[in-house]
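As you go down the protein sequences, you meet chains A and B in turn.
Residues in the first sequence are numbered consecutively from 32, following our numbering.
Residues in the second sequence are numbered consecutively from 9, following our numbering.
Ideal placement from N, C-alpha and C gives every residue a C-beta, glycine not left out.
Computed from a predicted structure; not experimentally measured.
Have a look at the structure below, then the notes.
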Amino acid sequence: SAVISQKPSRDICQRGTSLTIQCQVDSQVTMMFWYRQQPGQSLTLIATANQGSEATYESGFVIDKFPISRPNLTFSTLTVSNMSPEDSSIYLCSTSRGPETQYFGPGTRLLVL
Amino acid sequence: AQSVTQLGSHVSVSEGALVLLRCNYSSSVPPYLFWYVQYPNQGLQLLLKYTTGATLVKGINGFEAEFKKSETSFHLTKPSAHMSDAAEYFCAVSVNNNDMRFGAGTRLTVKP
Chain A
32 SAVISQKPSR DICQRGTSLT IQCQVDSQVT MMFWYRQQPG QSLTLIATAN QGSEATYESG
92 FVIDKFPISR PNLTFSTLTV SNMSPEDSSI YLCSTSRGPE TQYFGPGTRL LVL
Chain B
9 AQSVTQLGSH VSVSEGALVL LRCNYSSSVP PYLFWYVQYP NQGLQLLLKY TTGATLVKGI
69 NGFEAEFKKS ETSFHLTKPS AHMSDAAEYF CAVSVNNNDM RFGAGTRLTV KP
């Protein structure tokens, strides 16, 4: 399995501000994924981040709202920009280790007031 | 594209009783299937997975699941529920590692 950490673990933010979430993996990985889990719901993939290339966004998610960085093979950030209460969610990063399987970080719990 | 349906958003069992959480999938190619568990205020933890080979897979904490191609199912079971099993359970399907789709989740409650 992979050991994944996220910072911050939770935050309360004011609308209109931005928050950057960090994801650190314990070893080099090719692909990292960012998911959103809205209250009481399942996970939705926001984007896939490969090192050295632009992130690939899923339908309904745009780079201006959720810019992603992937500066090296162990680290990625997701920024939630110009936040509104609808952005209140758990944001999770994941990566693959070995074939087919994704491992998840502990998540960042965001509340926007 | 592949998809997953979890039958029952909430399942309640008594401690010591059988746990059965249902998952059906749709995929045009042989799928990889997963069960993840999410404890309160935590991330997702992999319980078990089916990729190829033996259709009955065993996971952590006494859980197991059986891949039934004819029924397009991957139900999760545990013979005897424990209070610590109370959590949210997600079934997921993938046809390659870039594209994992999750079910809506099933909340398991265990009554003393």
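Close beta carbons around residue i, own chain, < 8 Å, minus the five adjacent residues each side
i: Gln133 (chain A); result: Phe64, Ser125, Thr126 and Ser127
i: Asp93 (chain B); result: Val27, Asn69, Lys86, Leu116 and Val118
i: Lys96 (chain A); result: Val111, Ser112 and Asn113
i: Ala9 (chain B); result: Asp107 and Arg109
i: Glu72 (chain B); result: Leu56, Leu64, Val65, Lys66, Leu84, Thr85 and Lys86
Per-residue DSSP class, three states only, for residue i
i: Glu23 (chain B); result: coil
i: Glu117 (chain A); result: helix
i: Ser102 (chain B); result: strand
i: Ser88 (chain B); result: coil
Span of the beta strand (DSSP E), counted from its first residue to its last, around residue i
i: Asp42 (chain A); result: Arg41 to Cys44
i: Gln10 (chain B); result: Counting along the chain, Gln10 (chain B) falls outside any beta strand (DSSP E), and DSSP gives it neither H nor E.
i: Ser107 (chain A); result: Phe106 to Val111
i: Leu144 (chain A); result: No beta strand (DSSP E) contains Leu144 (chain A), which DSSP labels as neither H nor E.
i: Arg128 (chain A); result: Run containing Arg128 (chain A): none; DSSP gives neither H nor E here.
i: Tyr40 (chain B); result: Tyr40 to Gln46
i: Val118 (chain B); result: Thr114 to Lys119
i: Ser36 (chain A); result: Ile35 to Lys38
Own chain, CB closer than 6 Å to residue i, minus 5 neighbours either side, in chain order
i: Ser88 (chain B); result: Gly24
i: Tyr58 (chain B); result: Leu41, Val65 and Phe75
i: Leu74 (chain A); result: Tyr66 and Gln68
i: Val34 (chain A); result: Asp57
i: Leu15 (chain B); result: Arg30
i: Ile52 (chain A); result: Leu109, Tyr122 and Thr139
i: Gly113 (chain B); result: Glu96 and Phe98
Nonlocal neighbours in the same chain, by C-beta distance under 7 Å from residue i, ignoring five residues either side
i: Leu54 (chain B); result: Phe42 and Tyr44
i: Asn81 (chain A); result: Thr61, Met62 and Arg101
i: Glu205 (chain A); result: In this structure chain A extends from 32 to 144, so residue 205 (chain A) is not present and cannot be described.
field: Ordered list of beta strand (DSSP E) runs contained in the stretch 48 to 101 of chain A, each at least 3 residues
entry: 50 to 56, 62 to 68 and 74 to 81
query: When the Cβ atoms of the stretch 62 to 78 of chain A are set against those of the stretch 103 to 123 of chain A, are three or more pairs found closer than 8 Å?
result: yes
- request: Could you tell me which uninterrupted beta strand (DSSP E) segments, each at least 3 residues in length, are contained entirely in the stretch 49 to 81 of chain B, listed from first to last along the chain?
  value: 52 to 58, 64 to 66 and 72 to 76
query: Do the stretch 20 to 29 of chain B and the stretch 97 to 106 of chain A make contact, defined as three or more Cβ pairs closer than 8 Å?
result: no
task: Check whether the stretch 76 to 95 of chain B touches the stretch 36 to 50 of chain B, counting contact only when three or more Cβ pairs, one atom from each stretch, lie closer than 8 Å.
output: yes
- prompt: Is the stretch 59 to 78 of chain B touching the stretch 133 to 144 of chain A, taking contact as three or more C-beta pairs under 8 Å?
  reply: no
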